[in-house]
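Worksheet for the structure shown next.
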Amino acid sequence: MTTTTDAQVASNGASQQATLTVAEAETLVFRECRLLDEVRYEEWLELFTSDGVYWIPVHDGELADARTKVSIVYDDAERRAERVFRTLHTPVLDQNPRSRTVHFASNIEVVEDEDGPRINCAQLIAELRPGGERQVGLNRTRMLAGRCEYRVRRESGQWRITLKKLVLIESEQPLFNLAFIL
């Protein structure tokens with residue numbers, strides 16, 4: 000397992016097309032953050048491969064164990080599409096009014112291993128859901144922080160997400176109203 004910098008990739012012209020650069024990783028992660036903040040969820044779906052998984056585990060682990068472990072979110076393509084449709088096109092009481100978010104991503108690094116490129120980063124999601132004064136958890140900005148791992152694959156000349164795994168630091172604590180996409 001090696002960490003790749005843009006300079007290392009640039010110095011090796013042969014691997015430049017097969018290797019994910021830090022700049023490409025940043026572009027993908029920052030685009031995802033922007034799409035989520037702008038509630039462009041249908042475009043967000045297009046960032047994933049058809050076999051891609053969006054996963055927020057309670058305990059960090061390997062994807063192979065995800066089906067037998069408890070997860071906050073475990074969405075394959077069908078579940079992602081269903082989540083987006085429900086959020087955008089059906090009356091969702093938990094998202095009326097809709098949460099406003101700002102996604103921050105930092106410490107982005109690219110790791111190459113036998114399964115292909117992986118992007119590791121830190122993420123902080125600031126979320127505010129406006130509402131009445133007596134509604135618990137509303138009208139206050141909350142912060143959700145975690146470590147994020149993306150597995151990616153090049154398809155049709157673009158890097159696409161095969162796995163987005165977000166391990167929240169408070170994953171074992173009560174998490175109210177996660178009716179928006181992290």
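End of the sequence shown sits at 181 in numbering that gives the first Met the number 0; the numbers just go up one at a time, nothing left out. For every residue, glycine included, the Cβ atom is placed at its ideal position computed from N, Cα and C. No experiment lies behind these values; they were computed from the predicted model shown.
Looking at the strands, I want to know which residues DSSP matches up with residue i.
i, result
"glycine 188", "Residue 188 lies beyond the range of the chain shown here (0 to 181); nothing can be said about it."
"isoleucine 160", "Phe47, Val151"
"phenylalanine 84", "For phenylalanine 84, which the question treats as bridged, DSSP gives no partner whatsoever."
"glycine 115", "Asp112"
"serine 105", "Ala121"
"serine 70", "Pro56"
"threonine 100", "Glu126"
Between the C-alpha atoms of residue i and residue j, what's the straight-line distance to the nearest angstrom?
i, j, result
"leucine 167", "proline 90", "28 Å"
"tryptophan 43", "tyrosine 53", "11 Å"
"lysine 164", "glutamine 157", "20 Å"
"arginine 78", "serine 98", "21 Å"
"isoleucine 124", "threonine 67", "27 Å"
"phenylalanine 175", "threonine 18", "39 Å"
"glutamate 45", "alanine 76", "10 Å"
"alanine 24", "proline 129", "33 Å"
"leucine 143", "glutamate 126", "8 Å"
"asparagine 138", "glutamate 111", "42 Å"
"valine 57", "isoleucine 71", "6 Å"
"leucine 87", "threonine 20", "33 Å"
"valine 38", "proline 96", "13 Å"
Mind checking whether residue i and residue j have CB atoms under 8 Å apart?
i, j, result
"leucine 181", "isoleucine 55", "yes"
"tyrosine 183", "alanine 63", "Outside the modelled stretch of the chain, which goes from 0 to 181, sits residue 183, for which no answer is possible."
"glutamate 113", "threonine 48", "no"
"glycine 51", "isoleucine 160", "yes"
"tyrosine 40", "valine 109", "no"
"aspartate 36", "threonine 100", "yes"
"glutamine 94", "alanine 178", "yes"
Should residue i be labelled buried (16 or more other beta-carbon atoms within 10 Å of its own) or exposed?
i, result
"alanine 22", "exposed"
"valine 69", "exposed"
"glutamine 172", "exposed"
"arginine 85", "exposed"
"glutamate 169", "exposed"
"glutamate 81", "exposed"
Inspect the CB distances between the stretch 145-154 and the stretch 110-119 and report whether three or more fall short of 8 Å.
yes
Can you find at least 3 beta carbon pairs, one from the stretch 97-110 and one from the stretch 20-35, that sit closer than 8 Å?
yes
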